[in-house]
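Comments concern the structure below.
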Amino acid sequence: MRPRCATSCGGWSDGPGGVAGGGAGRVSLDLSLLPDGGVSWLDASGEASDIVLSTRVRLARNVEGFAFTPRARDGERLRVLAQVREAAARLPALEGSVTVRVDELDETDRLLLLERHLVSRELAGLDAQQAVRSGAALLVGRDVSMMVNEEDHLRLQSLRSGFQVDAAWAGVSRLDRELGLAVPFSFHDEFGYLTACPTNTGTGMRASVLIHLPGLVLTKEIAKVLAGLQQMGLTYRGLYGEGSEVVGNFFQLSNQTTLGRTSEDLLDHLGRVVRHVIEREAEARRVLLRDAGYIIEDKLWRAYATLRHARMLSFDEAMNLLSGVRLAVGLKLIDGLRVYTLNKLLIFSQSAHLARSEGRVLSESEGNLARARYVRQVLAAEGPLAG
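When we follow the working numbering, the leftmost residue of the sequence shown carries the number 305, and every step to the right adds one.
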């Protein structure tokens, strides 16, 4: 089945199209074409979903015969895209998938894809020193997706709700097998898969979980836990991975290197470490209830009340208040509020989603007004005091 195009171009263009800076070539992103809007991972269906928001397994691959993306010319990147797109049309793992030409989208739509955790900042061209590259694209299927012309030619990825390492690996490894039969990957018998960054060479795999750790933060155990993670070969980042800040007590934990170990070994190690962190977080929450139950309950209900009635909310304030309410739900201090609702608020209250809802780019103060209004509306309809 031929992948569909999720922009208003009406089909696929193998020409330069919307090169960075070429405003006349910009098109609008049709989110209705994306399977489940690309956010099925928000449904809180996975294990420990009150603590672990999502699990991602990503594989870096490069197409043999082409310079790596940072050194490739425009024509090479477009040929990589055409070759991958042709192969993807025949892959069962990508049946019914949708293709998004990221290089033809305006900045708000590119930011929206980042907010949904579908693309990286690099692919979206959101950093001042790196404009969006020609040939930058995203293929979105039901269980897997693929970034094209990021730091490597291909970033195959599977994003699942909650703590689901095995399911995420199964999805992305299937895509890797199918695509590898159709497209020759750059591979070395001694070093494994060759990548633009040496830290990805080998398996090319990066597995990560997005985990909520307010208990460890409030009990001041977080520094010790994070230091322990680094000693065990894991690293941590913020809500949107490399280069992003920790906000709302969300940490992205992932393996640091891939060379010299199998994917299965890396995944097993990550799974065991994350389970330990989940246990530490659960214990920290029990300590909070035991030693400061009324204080914590008051603090968290105040966070909910602020979200329910605030007229202006900055991004950081909203994330921190949502963190408190998420903790309250996990501690069963607030009944009748679904984790799915909190996941939705976390993503859809961000700036590009608000701008799309309002139909225009918003100033900071307008965004703060729109964010508070959206949060109030959702909690009025889906919160414990709904109605």
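Glycine residues also receive a C-beta, built at the ideal position from the N, C-alpha and C atoms.
Notebook entry, point to check: Going by the CB atoms, is the gap between V448 and G475 shorter than 8 Å?
Noted result: yes
Note to self: If the criterion is Cβ atoms closer than 8 Å, does the pair Q681 and E419 meet it?
What the structure shows: no
Checklist line | Endpoints, alpha helix (DSSP H) assigned at A684 | finding: E668 to E686
Notebook entry, point to check: Which word fits L415, buried or exposed, when buried means at least 16 other C-beta atoms lie within 10 angstroms of its C-beta?
Noted result: buried
Next item on the list: On a CA-only basis, which of R664, A607 and A486 is nearest M623? Give me that one, please.
Entry: A607
Item checked: Where E455 sits in the DSSP three-state scheme -> coil
Notebook entry, point to check: Contact check, P518 vs L631 under 8 Å by CB: the rounded distance?
Noted result: 5 Å
Checklist line | Unbroken alpha helix (DSSP H) run spanning M693, endpoints | finding: Because the chain here runs from 305 to 691, residue 693 falls outside it and cannot be looked at.
Item checked: Residue burial classification, E399 (beta-carbon count within 10 angstroms, cutoff 16) -> exposed
Margin query: Please classify F290 as buried or exposed, where buried requires at least 16 neighbouring CB atoms within 10 angstroms.
Written below: A question about residue 290 goes unanswered here, because the residues of the chain that appear run from 305 up to 691.
Item checked: DSSP state of V591 mapped onto helix, strand, coil -> helix
Checklist line | Distance, E390 Cα to Q468 Cα | finding: 31 Å
Checklist line | Other residues of its chain near V550: CB distance less than 6 Å, five sequence neighbours each side excluded | finding: G542
Checklist line | Cβ-Cβ distance between T403 and L443 below 8 Å | finding: yes
Margin query: Only counting the same chain, and skipping five residues up and downstream in sequence, which positions put a Cβ closer than 8 Å to that of T505?
Written below: F495, G496, Y497, L498, T499, T562 and L563
Note to self: Does the structure place the stretch 525-541 close enough to the stretch 377-391 that three or more beta carbon pairs sit under 8 Å?
What the structure shows: no
Item checked: Expected contact under 8 Å - CB spacing of R245 and M509 to nearest Å -> A question about residue 245 goes unanswered here, because the residues of the chain that appear run from 305 up to 691.
Item checked: Start and end residues, beta strand (DSSP E) containing S512 -> M509 to H516
Check: What is the rounded straight-line gap between the Cα of R375 and the Cα of V406?
Finding: 19 Å
Check: What is the DSSP secondary structure of E351, reduced to helix, strand or coil?
Finding: strand
Check: Which whole-angstrom value is the C-beta distance of C501 and E455, which I expect to be below 8 Å?
Finding: 6 Å
Note to self: Considering only the alpha carbon of each residue, which of S349, I355 and H613 lies closest to N553?
What the structure shows: I355
Next item on the list: For the stretch 345-406, list the beta strand (DSSP E) runs that are entirely contained and at least 3 residues long, ordered along the chain.
Entry: 356-365 and 402-405
Checklist line | Three-state secondary structure assigned by DSSP to D639 | finding: coil
Check: So what's G297 in DSSP terms, helix, strand or just coil?
Finding: With the chain covering 305 to 691 only, the question about residue 297 has no answer from this structure.
Checklist line | Buried versus exposed, by CB contacts within 10 Å (16 or more), Q556 | finding: buried
Notebook entry, point to check: Who pairs with Q560 in a beta bridge, going by DSSP?
Noted result: DSSP, once it has assigned bridges, lists no residue as partnering Q560.
Next item on the list: Give the range of the beta strand (DSSP E) segment to which A441 is assigned.
Entry: A441 to V444
Next item on the list: Pull up the CB-CB distance for L592 and T523, whole angstroms please, since I reckon it's below 8 Å.
Entry: 7 Å
Note to self: Can you tell me which residues form a DSSP beta bridge with Q434?
What the structure shows: D431
Check: Under 8 Å between the Cβ atoms of L520 and E568?
Finding: no
Next item on the list: With DSSP collapsed to three states, give me the class of G325.
Entry: Low local confidence applies: a pLDDT of 32 at G325 is under 50, so the model's placement there is unreliable, and no value is given.
Check: Is DSSP giving V550 helix, strand or coil here?
Finding: coil
Checklist line | Endpoints, beta strand (DSSP E) assigned at T412 | finding: Here T412 belongs to no beta strand (DSSP E); instead the alpha helix (DSSP H) covers E411 to E419.
Next item on the list: Can you give me the Cβ contacts of L430 inside the same chain, cut-off strictly under 6 Å, excluding the 5 residues immediately before and after it?
Entry: none
Notebook entry, point to check: What is the DSSP secondary structure of F652, counted as helix, strand or coil?
Noted result: helix
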